[in-house]
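The structure appears below as structure tokens.
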Amino acid sequence: MYEVEIKRLDDQGRGIAFIDNKITFIKNALPEERVVCKITKRTKKYNVGEVIEYKTKSKKRIEAKCPYFSICGGCTLEHLDYLDTIEFKKEKLKHILEKEQIKYPKIQVVENENNYFYRNKLSLKVIKGAIGFYEENSHTLIPIEKCLLARPVLNDAINVLKTFKVTNGEAILRSNTNDEVLIAINTKDSLVVKDENFANVKIVGIVLNDKCIYGQPYLYERIHHLLFKISYDAFFQVNPFIASHLFEEVEKNIVSTNTVLDLYSGVGVLGIVASKKAKKVISIEIIKNAVLDSLENSKLNKCSNIYPVLGDAKTVLPKIKEDFDTILIDPPRKGLDKNSLQLLLQSKAQKILYISCDPFTLARDLKELQSVYKIKKVTLFDMFSYTYHLESMVVLELR
Ligand SMILES: C[S@@+](CC[C@H](N)C(=O)[O-])C[C@H]1O[C@@H](n2cnc3c(N)ncnc32)[C@H](O)[C@@H]1O
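Residue numbers (the working numbering): 201 to 599.
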């Protein structure tokens, strides 16, 4: 056992202390707290510890609302007041950008008005009939009754899922702002699906191992005056409230332009937002259903100037011989691949909007991009409240 003082938080919101000069990460411990901890993992470079007793508590500590706090690894910042979580995320982003020597103006923040019950997607595990999340960094299931980050209808849908009698597998529950629910399940079990068990939950579709077995394999969502079809396996932003602010910010930052590239386009949302100000939008996306959705979404939103391409950005982008004025990049966590980054550096596009859910890969890519582009604006969107994750958008202009 060790008694230590927590010096600061790490990027995952864990307390940092030093034991025999070695950095030690301790979850559910806040700066200025003195805790007695035990070491649960030792490596050459760091330790991981667990609090046994709080000797002094931080004035900033509040009671976490979730019964699974500090176990499931989802809402790791729930022991802080909401505004303190925003401060943490701002400092985290600053720290990561500064480590890569990125030159940027003051960070703007878009807070989440609905900072609980905001998620429109729940990814659940089912083991031996129990439904829940994996415990942090393990494959031990924490059975859950409800998740405080998920829209209430998704918590109701967990009860519907229970009636399907899945023994082992995975389930993804998605909803829209109309409270319609789409359930996708991967399992070797056969399901018991009876609509009298849906209670008051509007289940619009059930997909079993990529085959639709009830209703439809997609949802519609209306955000920012636009309508989107979203297939069960296509990406969509998990927080509709913050997504509408993100789309607004994208729209604001696109001035009248000729050709827009929407790289990593999903169901085409950002291209559609940009299309009104562009002569032509070319979008690239790797998931087939997302590209098919994007074709329908262009029609639904009366955009006739969007040309989606299905494929891997790395191989598709070099084949497109167009000059782009504006480039929208919204990659998965791993950020830009090296080929695409080189092509973007040579593109001479006047403006790039880089939207990212991983500040580390964002900073890595900005380090290269800032040799040709100047960073004009950085906005942090609190898309994932009470978790240590953050969404950001960086506006870059050709030097
Ligand atoms: C963060 S999402 C952004 C989607 C969209 N821009 C939006 O706002 O809804 C990233 C998208 O990139 C797609 N993707 C992942 N790897 C890709 C690749 N190598 N090439 C093209 N698209 C890819 C994913 O399927 C996903 O739709």
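The beta-carbon is built from N, C-alpha and C at its ideal position, and this holds for glycine as well. Keep in mind that this is a model prediction, so the values were computed, not measured.
For residue i and residue j, what's the separation of their Cα atoms in angstroms?
i	j	result
Tyr-334	Ser-323	10 Å
Val-404	Lys-306	44 Å
Lys-321	Leu-461	28 Å
Cys-275	Glu-370	20 Å
Asn-221	Asn-312	38 Å
Asn-163	Lys-488	Since the displayed the chain opens at 201 and closes at 599, residue 163 lies outside it and no answer follows.
Lys-444	Ile-423	The sequence shown places Ser at residue 444, not Lys. Rounded to the nearest angstrom, the two C-alpha atoms are 6 Å apart.
Ser-258	Thr-579	29 Å
Ile-216	Lys-411	47 Å
Ile-327	Leu-354	19 Å
Ile-206	Ile-219	11 Å
Gly-535	Ile-385	28 Å
Glu-448	Gly-273	31 Å
Asp-379	Cys-237	44 Å
Leu-446	Tyr-554	12 Å
Tyr-268	Leu-277	12 Å
Ser-571	Leu-510	30 Å
Ile-482	Asp-565	22 Å
Pro-559	Leu-590	8 Å
Asn-397	Asn-539	51 Å
Asp-210	Asp-493	39 Å
Leu-382	Pro-352	14 Å
Glu-336	Thr-587	13 Å
Lys-600	Leu-427	An answer regarding residue 600 cannot be provided, because it is not within the stretch 201 to 599 covered by the chain.
Ser-504	Ile-520	19 Å
Lys-265	Ala-350	14 Å
Which residue marks the beginning of the alpha helix (DSSP H) containing residue i, and which one marks its end?
i	result
Lys-479	Here Lys-479 belongs to no alpha helix (DSSP H); instead the beta strand (DSSP E) covers 478-485.
Phe-560	559-569
Val-450	440-452
Glu-380	Where Glu-380 is concerned, there is no enclosing alpha helix (DSSP H), although the beta strand (DSSP E) it sits in stretches over 380-387.
Lys-222	Taken as a continuous stretch (DSSP letters only), Lys-222 belongs to no alpha helix (DSSP H), being part of the beta strand (DSSP E) at 222-226.
Thr-363	352-363
Glu-496	488-500
Ala-474	469-475
Ala-217	From DSSP, Ala-217 is part of no alpha helix (DSSP H) but of the beta strand (DSSP E) over 215-219.
Val-516	513-516
Per DSSP, residue i is paired with what?
i	result
Arg-242	Asn-247
Ser-547	Note: Ser-547 sits in no beta bridge, so no partner.
Gly-415	Gly-405
Pro-343	Gly-332
Ser-275	Per the sequence shown, the amino acid found at residue 275 is Cys instead of Ser. BP columns for Cys-275 are empty, so no partner.
Thr-377	Answer by DSSP bridge pairing: none, since Thr-377 is not bridged.
Thr-256	Arg-234
Pro-508	Ser-483
Classify residue i as buried or exposed, calling it buried when 16 or more other Cβ atoms lie within 10 Å of its own Cβ.
i	result
Ser-338	exposed
Val-491	buried
Thr-340	exposed
Lys-303	exposed
His-425	exposed
Gly-329	exposed
Pro-440	buried
Ala-399	exposed
Ile-472	buried
Pro-518	exposed
Thr-285	buried
Asn-228	buried
Thr-224	buried
Thr-526	buried
Arg-319	buried
Leu-598	exposed
Met-593	buried
Gln-437	buried
Pro-231	exposed
Start and end of the beta strand (DSSP E) containing residue i?
i	result
Val-309	307-310
Thr-579	573-581
Glu-203	202-205
Asp-462	457-463
Lys-429	426-431
Lys-294	Run containing Lys-294: none in the beta strand (DSSP E); it sits in the alpha helix (DSSP H), 282-299.
Leu-598	591-598
Thr-526	526-529
Lys-394	Segment: none, Lys-394 is in no beta strand (DSSP E) and carries neither H nor E.
Lys-325	321-327
Please check the pair residue i and residue j, which I expect to be a contact at CB under 8 Å, by giving their CB distance rounded to whole angstroms.
i	j	result
Leu-361	Leu-348	The pair is not a contact, with the Cβ atoms about 18 Å apart (cut-off 8 Å).
Asn-479	Thr-459	The residue you asked about is not Asn; residue 479 is Lys in the sequence shown. Right, their Cβ atoms sit about 6 Å apart.
Ala-434	Val-467	5 Å
Lys-576	Leu-544	The pair is not a contact, with the Cβ atoms about 16 Å apart (cut-off 8 Å).
Asn-601	Leu-419	Outside the displayed span of the chain (201 to 599) sits residue 601, for which this structure offers no information.
Asp-281	Lys-260	7 Å
Ala-563	Ile-296	5 Å
Ile-413	Glu-421	Their Cβ separation, rounded to whole angstroms, is 22 Å, which puts Ile-413 and Glu-421 out of contact at 8 Å.
Leu-470	Ala-513	14 Å between Cβ atoms; not a contact.
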